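Taking it in order: structure first as structure tokens, then the write-up.
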Amino acid sequence: RSWWDHVTPAPKDPINAVTEAFLADPCPYKINLGVGAYRDDDGKPVVLQCVREAEGKIAATNFLESTCAAISSKLVEESAKLVYGEDSDVIKEGRFAGVQALSGTGACRLFAEFQRRFYPDSRIYMPDPTWSNHHNIWRDAQVPIRTFHYYHPDSKGLNFVALMDDVKNAPNGSFFLLHPCAHNPTGVDPSDEQWQEISSLFKVKNHFPFFDMAYQGFASGDLERDARAIRIFLDDGHLIGCAQSFAKNMALYGHRVGCLSLLCDDKIQAVAIKSQLQQIASTIYGSPPIHGMLAVSKILSDPDIKAIWLKEVKVYFSSFSFLFHSLFTSIFIITCIRTIGLMHLLIISTCYKDMATRVQRMRATLKEALEKLGSPLNWQPITNQVGMFCFSGLTPDEVDRLAKEFHVYMTYDGRISMAGVTTKNVDYLASAIHEVTA
Ligand code: PMP
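The UniProt record's numbering puts the sequence shown at residues 23 to 460.
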């Protein structure tokens, strides 16, 4: 008998399973719509210009032994500004406990552990559906999980009434996991007015909002706009928690840079909580990796590089070829060429890879292509939803047919990663979707 006979394979991660099936398919025109990482219009991963600039500046840094506390705290402070606001009193007064974390996943896991230690009888309420790993993270931290209504399959929008009912019916003082923008996997976000109502009800019920912000910038292309849900809660005087990831909005997936912050009543609380978070981290992975942290700190704290980053998340010129079709834009571009010169304009337009705009453009193109094919279904939700994903409403059978007959791969919940849709494959994708749904 071996020591390991009783160890059976773990269930496959639904997202990795899609990638495996995609890689095993030899078809030259196969499409991977499972991956949650940004791709450019040629389907290639992107290294942002801001990252290249920052890497150039940190290349000579000597901090290879362990995390330098001063730089790590710069990362934390700059990250916190993205959550709480550049000029927020929270930052000035040091009224938050923040730690560098292993990207968004690590930040969620740290918080789940913290929750179990200090609120051992609590549960976590998460939206239905949510990123599948949320369930695994809180389950492994042994925090009981409940779900609350979120998505309405018929309207392919928010089930606001049921959501509010669930918030109302949860025991007072419950922990809630919220996606502040670009909800994964549905791409459906509450409006500002709805967030306001949710926040007011949380106040009445004394619930704790924990925001998992993995896609700041992906909903609107504007980091401040995408933090508005959080700001609404802050204006209402809530204490909040927030997990941040720089995997998507800096395209730094492999570097695992993130941040966990908990808003506190005062600095004394903040010091205590930070020391507890650090202690939890120290027994799991010691200290976090340093290279990506240096790059992110540089991007956030160097005004010139930060400006490049903000433009890269949303920039005007990448919709260049698309906009060229309109007369107005042609005149505009000719004027620009006269003023700043063709070379300059071309450099600007190719330097900035506009993630949010490209995704929005692909949404519109996919919807139009389906409508042109005469699909009787309502594809409006494709453009109403925001962020990296589109919750298409395709059934598991339809998803299966797409893979087997059309070499198009996505998770069984019908989630399309818009990053995998390009100007070259969008028409083929639309006809494949039309075939399986007709
Ligand atoms: N939260 C949500 C909602 C996500 O979609 C993801 C990534 N898919 C994460 C957290 C974790 O991202 P990472 O650990 O790569 O930063």
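Backbone N, C-alpha and C fix where the C-beta goes; we use that ideal spot for every residue, glycine too. Note that the coordinates shown come from a computational prediction; the quantities given were computed from them, not determined experimentally.
(message) Give me the residue from A76, P36, I404, V68 with the minimum Cα distance to D324.
(response) Just measuring C-alpha positions, the residue of A76, P36, I404, V68 sitting nearest D324 is A76.
(request) Can you tell me which of the three DSSP states D64 falls into? (result) Coil, per DSSP.
(message) Suppose the cutoff is 7 Å on Cβ atoms and the five residues either side in sequence are ignored; what does the same chain contact list for D288 look like?
(response) The residues are R117.
(message) Less than 8 Å separating the Cβ of C130 from some heavy atom of the ligand PMP?
(response) Yes - the ligand PMP has a heavy atom lying nearer than 8 Å to the Cβ of C130.
(message) So if I measure from each beta-carbon to every heavy atom of the ligand PMP and keep distances below 5 Å, which residues remain?
(response) So the residues near the ligand PMP by this Cβ test are G58, S125, G126, T127, W153, N206, D234, A236, S267, A269.
(request) Since I believe T379 is in contact with G243 (beta carbons under 8 Å), could you give me their beta-carbon distance rounded to a whole number of angstroms? (result) Separation of the CB atoms of G243 and T379 is rounded to 6 Å, and the pair is thereby assigned contact status at 8 Å.
(message) Nearest by alpha-carbon distance to M377: which of Q402, P398, M410, E390 is it?
(response) Nearest option by C-alpha distance: M410.
(request) Give the DSSP bridge partners of Y106, in chain order. (result) According to DSSP, which records beta bridges pairwise, Y106 is partnered with nothing at all.
(message) Within a Cβ cutoff of 8 Å, which residues of the same chain sit near Q122, ignoring the five residues on either side of it in sequence?
(response) Same-chain partners within the cutoff: T89, S94, L97, V98, V279, G280, C281, P310, M315.
(request) Note down the Cα distance separating V421 from Y434, rounded to an integer number of angstroms. (result) For V421 and Y434, the distance between alpha carbons rounds to 6 Å.
(message) For residue 22, which residues in the same chain have their Cβ closer than 7 Å to its Cβ, ignoring the five residues on either side in sequence?
(response) Residue 22 lies beyond the residue range present for the chain, which begins at 23 and ends at 460; the question has no answer from this structure.
(request) State the Cα-Cα distance for the pair N194 and L299, rounded to the nearest angstrom. (result) About 25 Å.
(request) Compare the beta carbon distance of Q216 and L180 with 9 Å and say whether it is the shorter of the two. (result) Closer than 9 Å, so yes.
(message) In this structure, how does DSSP classify F240 when only helix, strand and coil are distinguished?
(response) Coil.
(request) Starting from the Cα of I455, find the closest Cα among S414, M440, T444 and give me that residue. (result) Nearest of S414, M440, T444 to I455, Cα basis: S414.
(message) Using C-beta distances below 7 Å, list every residue in its chain close to V430, excluding the 5 sequence neighbours before and after it, in chain order.
(response) Cβ-Cβ distances below 7 Å link V430 to I53, L55, L424, L451, A454 in the same chain, with the five nearest sequence neighbours on each side left out; the list follows chain order.
(message) At the level of alpha carbons, what is the spacing between G308 and L124?
(response) Their Cα atoms are separated by approximately 11 Å.
(request) Look up residue 20 in the DSSP assignment and say whether it is helix, strand or coil. (result) A question about residue 20 goes unanswered here, because the residues of the chain that appear run from 23 up to 460.
(request) Using the Cα positions of T169 and F268, report the straight-line distance between them to the nearest angstrom. (result) Near 26 Å, if we compare the C-alpha coordinates of F268 and T169.
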